[in-house]
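Chemist:
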Ligand code: HEM
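In the working numbering, the protein residues as written are 25 to 243.
(1) Tell me which same chain residues have a C-beta within less than 7 angstroms of the C-beta of residue 194, skipping the five on either side of it?
(2) Would you say residue 143 and residue 151 are within 8 angstroms of each other, going by their C-beta atoms?
(3) Report whether the distance from the Cβ of residue 116 to the nearest heavy atom of the ligand HEM is below 7 angstroms.
(4) Tell me whether residue 175 is buried or exposed, calling it buried when 16 or more other Cβ atoms sit within 10 Å of its Cβ.
(5) Go through its chain and collect everything with a Cβ distance to residue 81's Cβ below 7 angstroms, but skip five positions before and after it.
(6) So is residue 237 buried or exposed if we call it buried at 16+ other beta carbons inside 10 Å?
(7) Should the stretch 94-101 be regarded as contacting the stretch 114-133, the criterion being three or more beta carbon pairs within less than 8 angstroms?
(8) Please look up how many angstroms separate the CB atoms of residue 112 and residue 68, rounded, as I've assumed it's under 8 angstroms.
(9) Tell me which residues share the same chain as residue 240 and place their Cβ nearer than 6 angstroms to its Cβ, disregarding the 5 neighbours each side in the sequence.
(10) What is the DSSP secondary structure of residue 195, reduced to helix, strand or coil?
(11) Do you know how far the Cα of residue 110 is from the Cα of residue 47?
(12) How many Å lie between residue 104 and residue 30 at the Cα?
(13) Less than 8 angstroms separating the beta-carbons of residue 108 and residue 49?
(14) Flag residue 146 as yes when its Cβ comes closer than 7 angstroms to any non-hydrogen atom of the ligand HEM, and as no otherwise.
(15) Using the rule of at least 16 other Cβ atoms within 10 Å of the residue's Cβ for burial, across every protein chain shown, is residue 145 buried or exposed?
(16) Would you say the beta carbon of residue 6 is closer than 7 angstroms to some non-hydrogen atom of the ligand HEM?
(17) Distance, Cα to Cα, residue 223 vs residue 189?
(18) Could you check what DSSP says for residue 182 in three-state terms: helix, strand or coil?
(19) If we count the other Cβ atoms within 10 Å of its Cβ and call it buried at 16 or more, is residue 38 buried or exposed?
(20) For residue 58, report the span of its alpha helix (DSSP H) as first-last.
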């Protein structure tokens, strides 16, 4: 009974854990089945990078969905999605230094100096790192208002990850540009004037009047 109640209360988080871990499970499965193309290390790099970016964008989508539609459920998985984005970004970076360059710091240093997309990837990771480390309730309490300001950097991380992707792909940049467009649209919804206008419109359409202090107005 206790278990059932827990499942009912946390089904969304459980589903998010399951879906976020699925690409990792598939990667491990394909590795054991020798199905990671002729260049398995590159395949792992590309897949983990893709999943990191997708989860990052999904976590950025949570607040705008709340603003536009008024749903509160996306806010319950926002942090989880961000943490999984960080996990995949870490695996992605570890694949680069550990599998691709076997911790040869000299070579890694050269690669960093020569390739701007690698510099951009590292910068993105360095922004995600403090956000992941301070994502707990304890840090939230400790930092107070500064926590929110710090965690707004997630949008910068999203934009820089798109630049990293654009510079990494070399040829067809239509996909990175699509990701970029999505991140910019999500950012626009968060601009206070746009956000207030959207919330007003939503409230008018649903025949509700809003006070500025209404819970969720600032999340
Ligand atoms: C830790 C620092 C990082 C390093 C050293 C790094 C390195 C790389 C490398 C070597 C590639 C493959 C380029 C190629 O062979 O074509 C790549 C691609 C990529 N990375 Fe990163 N990266 C880093 C951080 C990130 C982060 C933080 C994200 C996203 C949140 C990310 C997302 C991607 C994406 C989406 C691709 C392209 C995948 C594709 O073409 O399908 N990377 N990165």
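For glycine and all other residues, C-beta sits at the position ideal for the given N, C-alpha and C. Keep in mind that this is a model prediction, so the values were computed, not measured.
Modeler: The answer reads as follows:
(1) Cβ contact annotation for residue 194 (same chain, cutoff 7 angstroms, sequence separation greater than five): none.
(2) No; because the gap between Cβ atoms is not below 8 angstroms, this pair is not in contact.
(3) Yes, the ligand HEM has a heavy atom inside 7 angstroms of this Cβ.
(4) The residue in question, residue 175, is buried, as its Cβ has 16 or more Cβ neighbours within 10 Å.
(5) The beta carbon of residue 81 lies closer than 7 angstroms to those of 182, 203, 206, 207 in the same chain, with the five residues before and after it left out.
(6) Its pLDDT being 43, under 50, residue 237 is placed unreliably by the model, and the measurement read from it follows with that caveat. Exposed, by the Cβ-count rule.
(7) With the cut-off at 8 angstroms, the stretch 94-101 and the stretch 114-133 do not touch.
(8) That belief does not hold up - the Cβ atoms of residue 112 and residue 68 are roughly 11 angstroms apart, past 8 angstroms.
(9) Note that residue 240 scores a pLDDT of 42, beneath 50, so its modelled location is shaky; the value from the coordinates is reported in the next line. Within the same chain, and ignoring the five residues on either side of residue 240 in sequence, no residue has its Cβ closer than 6 angstroms to its Cβ.
(10) Residue 195 falls in the coil class under three-state DSSP.
(11) Per the coordinates, the alpha-carbon of residue 47 lies some 14 angstroms from the alpha-carbon of residue 110.
(12) For residue 104 and residue 30, the distance between alpha carbons rounds to 17 angstroms.
(13) Cβ distance not < 8 angstroms, so residue 108 and residue 49 don't count as in contact.
(14) When distances are taken from the beta-carbon of residue 146 to the heavy atoms of the ligand HEM, the shortest one is below 7 angstroms.
(15) Answer is buried; the Cβ neighbour count reaches 16.
(16) Residue 6 lies beyond the range of the chain shown here (25 to 243); nothing can be said about it.
(17) In a straight line, the C-alpha of residue 223 is about 33 angstroms away from that of residue 189.
(18) For residue 182, the secondary structure class from DSSP, reduced to helix, strand or coil, is helix.
(19) Exposed, because fewer than 16 other Cβ atoms sit within 10 Å of the Cβ of residue 38.
(20) From DSSP, residue 58 is part of no alpha helix (DSSP H); its letter is neither H nor E.
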